[in-house]
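Here is the structure we will look at.
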Amino acid sequence: MKHLITFLLMAGLASTGTSQNHAAEVESLLKKMTIEEKIGQMTQVTIGAVGNGKEGETDAVKLKEAIQKYHIGSILNVDQHAMSVAEWHRMLTAIQDEAMKSRLEIPIIYGLDAIHGQTYTLESTLFPQNIAIAASRNIGIAKKAAKITAAELRASGVRWNFGPMLDCGRQVYWSRFPESYGEDTYIGKVMGSAAVKGYEEDGLGKTTSVASCMKHYMGYSNPRNGKDRTPAYIPEIELREHYLPQFREAVASGASSVMINSSLINGVPTHGDKYLLTDVLRKELGFKGVAVSDWEDIKRLYTWHKVASSPLDAVVIGVNAGVDMSMVPYDFSFATLLLEAVNKKLVSMERIDEAVRRILTMKYNVGLFANPYPEKEAIGQFGKPEYKDFAFEAAAEATTLLKNTNNILPLKPGIKILVAGPSAQSKAALNGAWSYTWQGKDEKWYPESELTILEAFQQKIGRENVITTSGIGYDDPANFEVKALRDAAQNVDAVVLCLGENAYAESPGNIFTLDMPTEQKELIRAAKSSGKPVIVVLNQGRPLFITDMVNEMDAILLAYWSGSGGAKAIVSTIMGDNNPSGILPFSYPKYPGDIVLYDHIFTETIREVFNNNVGTGYDPLFAFGFGLSYTTFEYSDLKLSDNKMSANTTIKVSVTVQNTGSRQGKHSVELYTHDQYASIAPSVRRLRAFQKIELKAGEKKTVTFDLNAEDLEFVNAQLKRVTEPGEFDVMIGELKGTFDYR
C-alpha cells in the first residue's frame, strides 16, 4: 500500500503540470539502490523479450525475471503491429504491476518510435513524414503534429517518444531520408526544435506531453554508399556545419533524451566515440538528459564494428563513451556484463550513478513516480475529429506541384478520369514507414475510415466519373497491366497515375538505384499514348529519377508520404480546392551521377574546366525551394535597414510580395545569404530564414526579417563558429542586396 499512498499524494502535484526539480528525490533513491538495481535501470529490452508471443500480452515468468532479477528500467516497441488503446493499457498495467512489486518500486519507462503520429496505436492519426512537413515550410505544422502525437501517445499510456529525427538529409539514397527534414540545416534546426517543443512544452507532468528523443546523434544520414547503418566519412568541419546545429537547437529547446547514431563516422562507431558523446554533446552543447543506444548497438561494437575484442569490452567502451541506456534488446547480457565491468573496475561507480541519475530524473519528469499506470483521464484526448482535419491540412500544405503544362490543373468540374497505378489503392504508399507496423506495408492494419486516392476521387466527383485499372494494395499485378490501362484511357478525359514507392523503413528500404521502376515508366508511356492529359502523383519518400519521363507527363504532383489526410489532400489539390503551396526541401536530381546540393560551394559546379564551362553544375531537375501554385507571386522593393552590420546590431530586411494571380494562395518567402569571400570556400547561398504568408488575389504584403551576426556564422578551419568581416549578399527571389559586416 505504501506506493499507492505516495502516488496519490504526488498525483496532485503532477497534474498541475508545474515544473519540479526532482534532484533531491533522485539522490535519495540513488543512495538506496544496489549496484544491480542501478545497472538494471540502464537496461532496455524489447517487449518480445518479456512477451508470450501474442500481441499485447506479457509472459508473467519472463516479466518477473526481467524486473525482479535484472531490475530493467525500460521496455520498447511492439511485437508485430499496432494495438488498441485498451490493449496498451492492459499490457502497461501488467508491466507496472510487476514493477511495483520490486524492492524500490521503480516504474518502467516505455518508449516507442512514433515519428509521424502514434505509430503503434490502432486508429491513431498519422501525419505527413518529416520530409513533407519540411516542404510545407510551416513551423506550426511541425509543432502541432508533435503535440497531437504526444497526446495520443499519452492516451495510450506511453510517455517516451523516439523522435524527432534531426539527421540532415544530404544523401537521397538513404532509406531514412523521408524521416528527415531534407538537405538544409536551417530547416532541420527550426522544424526539429518546434517538434521538441510540441512534445514537451506543456510540461512533462501533464497528460498531453511526452519525453522527446532527438536522433540519431549524429552524421547517420550520410552513409557513403547510401545504405542504412553503413559508414559515413564526414570531416568534423562538415559535421559541425551541417549535422550538429539541429541537435544544438533541440538541446536548447529542452529535449529530454538522445538516441545515438547506429553507424560510424570516419571509422569510429558513434556508440564508442567519447569525443562526440561526452566532449561535444555534454560539455559543449550542455545536454543533461538520457543518452540511449539504438537497436543492439552496444553489442555491435563487437559483432559488427570490431572495435571491441569481446562483448564485455563492447559494454565498457559504450558506457565509458557516454551511453546511459542500452537498447539490448532481446536479453539481459548488458546488465550481466556491466556488473562484471564494474567489479573489475573497468567502469566507475561515478559513471554508473551519472547514467542512472539521468534515467531516474526523466522518469520523475514524466510523472511515473507520481502514477506509473496509464492515465484514464488521458483517454479522451485520443482520436479527436480535429486531429484528422489537421492531418489533411498538413498534407495539403506540403503537397508540391512540380509541373503543370498549359495549366491542366486544376481539373475542371464534370470531368471523367482514370485513376491507376500502384499507389491508387494503397494506404501504405500514402503513409510510408512506421505506420501501424514497422515497415508500414501491411494494409490490413490501416483504419477503414482512411481513404485511398481512388476512394477520395470517388467521394469528390462521384463514382460514375471515376474508373480504375489498379489492384488492391501496392504489389497487385493488376496495377501494371499496360493494355488494360491503355484501353481504359480511351473512355475518360484525363488519366491520374499514382506512382512512386511502397512503404519501407530502415535497411529493408536500401536500394541500388533511384530510377523509377520500369513497370511504372511503362504505365506513363501507355497513358501518354492515349492522347489524354497525364497527371502523375508521386507518393514517395525519396526523389526517384524521372528525367527521361518528364516530357510524357502533363502535370506532376509530389505528395511525399502524406499520412492519414494524404488522399484527400491529393484530390483536393488536383480538383482545385487546395491551392498547392509546398516547395522542395531538397534538390530533385536530374541525373544519378550528378547530385549537387543547393548550398554547394562554387567548385562543385565545375564541369569542363578547359572550355571554361564552370558554374553550370547545379542543374537539378527541380531546384531546392521549387514549387508551383495555381496563382503567381511577385517580389519587389527589397530593402535593408542598414548597409553595415556589427556583432551587436541587427539589419531588418524587407520585401514586398504581391499575389499577381486570380486566386488566393499561400507562399513561402525565403531569405538566403552569400558570403562573398571567406577564410574557407563559402557556399553559393544558404537559407537563413523563411516565412509563409497567405494573400488574396491582388493583395500585397511587406515581409520583414531580422538578420544578425549569428545568422551569418560558419565553421572555420579551426572548428570555431565565426562571422568574418566582409561583404554579404542577401537574396530573396531574384532580388539582391549587399551589406558590410565589420
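Oh and the sequence shown: position 320 is 954 in the numbering used here, straight run, nothing missing. Glycine residues also receive a C-beta, built at the ideal position from the N, C-alpha and C atoms. Since the structure is predicted, the reported quantities are computational estimates derived from the model, not experimental observations.
{"query": "Using the C-alpha atoms, what's the distance from R863 back to G745?", "result": "21 Å"}
{"query": "Going by Cα to Cα distance, which pick from V830, F796 and V957 is closest to Y754?", "result": "F796"}
{"query": "Would you check if the distance between the CB atom of A989 and the CB atom of M676 is smaller than 7 Å?", "result": "yes"}
{"query": "What residue does the alpha helix (DSSP H) around G745 start on, and which one ends it?", "result": "From DSSP, G745 is part of no alpha helix (DSSP H) but of the beta strand (DSSP E) over I743 to L746."}
{"query": "In the structure shown, what three-state DSSP assignment does P879 receive?", "result": "helix"}
{"query": "For K698, which option in F966, V712, Q678 and E732 has the closest C-alpha, if you only look at C-alpha atoms?", "result": "E732"}
{"query": "Roughly how many angstroms separate the alpha carbons of Y1375 and T1283, rounded to a whole number?", "result": "10 Å"}
{"query": "Taking a contact to mean a Cβ-Cβ separation below 7 Å, would you say Q1059 touches L1088 in this structure?", "result": "yes"}
{"query": "Under DSSP, the alpha helix (DSSP H) around R788 begins and ends at which residues?", "result": "I773 to S790"}
{"query": "Would you call T650 buried or exposed, if buried means 16 or more other Cβ atoms sit within 10 Å of its Cβ?", "result": "Because the pLDDT of T650 is 29, which lies under 50, any placement of that residue in the model is unreliable, and the question is left without a value."}
{"query": "Return the first residue and the last residue of the beta strand (DSSP E) that I1285 is part of.", "result": "T1284 to N1293"}
{"query": "Can you give the beta carbon distance from A1351 to I1314, rounded, assuming they're within the 8 Å contact cut?", "result": "6 Å"}
{"query": "Taking only the alpha-carbon atoms, compute the straight-line gap between V719 and P1142 and give it to the nearest angstrom.", "result": "29 Å"}
{"query": "For M676, write down the residues that DSSP places opposite it in a beta bridge.", "result": "None; M676 has no bridge partner."}
{"query": "Can you tell me which of N1277, P1223 and P1219 puts its alpha carbon nearest to the alpha carbon of Y820?", "result": "P1219"}
{"query": "Let me know the beta strand (DSSP E) ranges lying completely inside the stretch 1282 to 1367, each 3 residues or longer, listed in chain order.", "result": "1284 to 1293, 1299 to 1309, 1320 to 1329, 1334 to 1342 and 1360 to 1366"}
{"query": "Give the single residue among P869, F1091, T1207 and K703 whose Cα lies nearest to the Cα of A1029.", "result": "T1207"}
{"query": "Please report the Cβ distance between P1167 and I1042, rounded to the nearest whole angstrom; I am assuming they are in contact, meaning their Cβ atoms lie under 8 Å.", "result": "5 Å"}
{"query": "Three-state secondary structure (DSSP) at V1379?", "result": "With the chain covering only 635 through 1376, there is no way to say anything about residue 1379."}
{"query": "Please name the residue or residues paired with W794 in a DSSP beta bridge.", "result": "G745 and A845"}
{"query": "Using only alpha-carbon positions, find the residue among V1100, K1010 and E1084 that is nearest to A1054.", "result": "V1100"}
{"query": "Note down, one range per segment and in chain order, each alpha helix (DSSP H) of at least 4 residues found wholly within the stretch 1037 to 1089.", "result": "1062 to 1065"}
{"query": "Residue range of the alpha helix (DSSP H) that F1024 falls in?", "result": "P1019 to A1032"}
{"query": "Opposite N1173 in the DSSP bridges: which residues?", "result": "G1134"}
{"query": "Exposed or buried, which one is Q1310 when buried takes at least 16 other CB atoms within 10 Å?", "result": "exposed"}
{"query": "Can the beta-carbon of Y1232 be found less than 7 Å from the beta-carbon of F1258?", "result": "yes"}
{"query": "May I ask you to report which of helix, strand or coil DSSP gives L643?", "result": "The predicted model places L643 with a pLDDT of 37, which falls under 50 and marks its position as unreliable; any figure quoted below should be read in that light. If DSSP states are grouped into helix, strand and coil, L643 belongs with the helices."}
{"query": "Taking only the alpha-carbon atoms, compute the straight-line gap between F811 and A1062 and give it to the nearest angstrom.", "result": "17 Å"}
{"query": "Let's test the definition: count the other Cβ atoms within 10 Å of the Cβ of G646 and tell me whether it reaches 16, buried, or not, exposed.", "result": "Any answer about G646 is weak, because its pLDDT of 36 lies below 50 and its placement is not dependable; what the coordinates show is given next. So G646 counts as exposed."}
{"query": "Helix or strand or just coil, what does DSSP make of T1266?", "result": "coil"}
{"query": "Does the beta-carbon distance from F1373 to N1277 come in below 7 Å?", "result": "yes"}
{"query": "Quick one: Cα of A1012 to Cα of E757, how far?", "result": "16 Å"}
{"query": "With DSSP run on the structure shown, which of helix, strand or coil describes F1236?", "result": "helix"}
{"query": "Is it true that the CB of F881 sits closer than 7 Å to the CB of Y851?", "result": "yes"}
{"query": "With a CB to CB cut of under 8 Å and the five nearest residues on each side skipped, what residues in its chain are close to K1370?", "result": "L1272, D1363 and V1364"}
{"query": "What does DSSP give as the partner residues of A925 in its beta bridges?", "result": "V892"}
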